[in-house]
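Numbering (UniProt numbering), first residue to last: 1 to 183.
All C-beta atoms, glycine included, are put in the ideal place defined by N, C-alpha and C.
Taking it in order: structure first as structure tokens, then the write-up.
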Amino acid sequence: MGRLKALVPWQGKTLIEYQVESLFDSGVSEVVVVVGHLADQVAAPVISNSGVIIATNPEYRRGKAGSVKAGLARVAPSASGILVLAVDQPRPVSVLESIINSYLASKSVITCPVYNGHRGHPMIFSSLLRSELEAITEEGEGLRQVVDRYKSDTNKLDVGDPVVRLDLNSPDDIKLAKLIFSG
């Protein structure tokens with residue numbers, strides 16, 4: 001895309017600031033931000049936020065599994081759930097709250113938003129799956145290996161909102177997302 005996704009302007013701030021604020025506003029008590037490429041620049045907008053924990057993935061070039069594991073290593077052992085959200089997947093607070101509330105009300109080990117029959121993000125994993133999450137590999141398709149293993153114990157929340165499928169991978173994706181967010 002030619003620039004750091006975390007620093008893309010989004011609703012009057014950087015995308016990373018938006019994500020962190022949205023997570024806290026939705027009731028998440030601890031936010032772990034995983035940085036890799038140009039880590040200091042990416043972390044700068046949120047490092048002063050007292051609730052943010054910065055985790056570094058020195059092997060970010062190898063894929064997302066390493067970032068998940070680097071973040072997981074910084075999540076408090078007392079956490080009951082682990083919400084995984086990439087910086088390029090902005091979600092409104094209302095959507096995050098719906099997913100969190102559904103997770104809390106469910107006995108399932110994974111809660112996954114669904115739109116038009118397709119999985120979206122963020123997913124929330126029970127802390128009971130922590131050791132399995134710590135064992136993911138890029139070769140094993142990362143989180144997918146855990147999600148596929150627990151298909152029958154996944155709470156699929158039909159959110160009725162295409163925002164859970166958004167990924168900002170190109171300038172066109174950003175334009176589309178801004179249209180969706182503006183209503």
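For the candidate residues the options, whose alpha-carbon lies nearest to that of residue i?
i: H121; options: A76, S127, K156, F181; result: K156
i: V34; options: P77, A135, S152, D88; result: D88
i: I53; options: A135, A65, V28, K175; result: V28
i: E59; options: S50, K69, I174; result: K69
i: S127; options: Y103, W10, V20; result: Y103
i: N116; options: N49, P77, E30, V159; result: V159
i: S164; options: F181, S78, D148, Y150; result: In the sequence under discussion, the amino acid at residue 164 is Val, which differs from the Ser named in the question. Out of F181, S78, D148, Y150, F181 has the C-alpha closest to the C-alpha of V164.
i: A79; options: P162, F24, Y18, E30; result: E30
i: G36; options: A86, S22, K175, I100; result: A86
i: R144; options: R119, P162, D161; result: R119
i: Y150; options: A44, M123, Y18, V93; result: M123
In whole angstroms, give me the CA-to-CA distance for residue i and residue j.
i: D167; j: V84; result: 14 Å
i: R61; j: L179; result: 31 Å
i: S106; j: G81; result: 12 Å
i: V64; j: E138; result: It is Lys, not Val, that sits at residue 64 in the sequence shown. Between K64 and E138, the C-alpha separation is close to 7 Å.
i: L72; j: N169; result: 24 Å
i: F125; j: A6; result: 24 Å
i: G12; j: P77; result: 34 Å
i: C112; j: P90; result: 16 Å
i: residue 184; j: W10; result: Nothing in the structure corresponds to residue 184, since the chain is present only between 1 and 183.
i: A135; j: G66; result: 10 Å
Can you tell me which residues form a DSSP beta bridge with residue i?
i: N155; result: T111
Rounded to whole angstroms, how far is the Cβ of residue i from the Cβ of residue j, which I believe are closer than 8 Å?
i: V32; j: R74; result: 5 Å
i: I110; j: T154; result: 4 Å
i: S26; j: E141; result: That pair is no contact at about 28 Å.
i: V46; j: V20; result: 5 Å
i: Q41; j: L4; result: 7 Å
### Query
What alpha helix (DSSP H) runs, 4 residues minimum, are completely inside the UniProt domain "MobA-like NTP transferase" (1-150)?
15-25, 39-43, 64-72, 93-105, 130-134, 143-149
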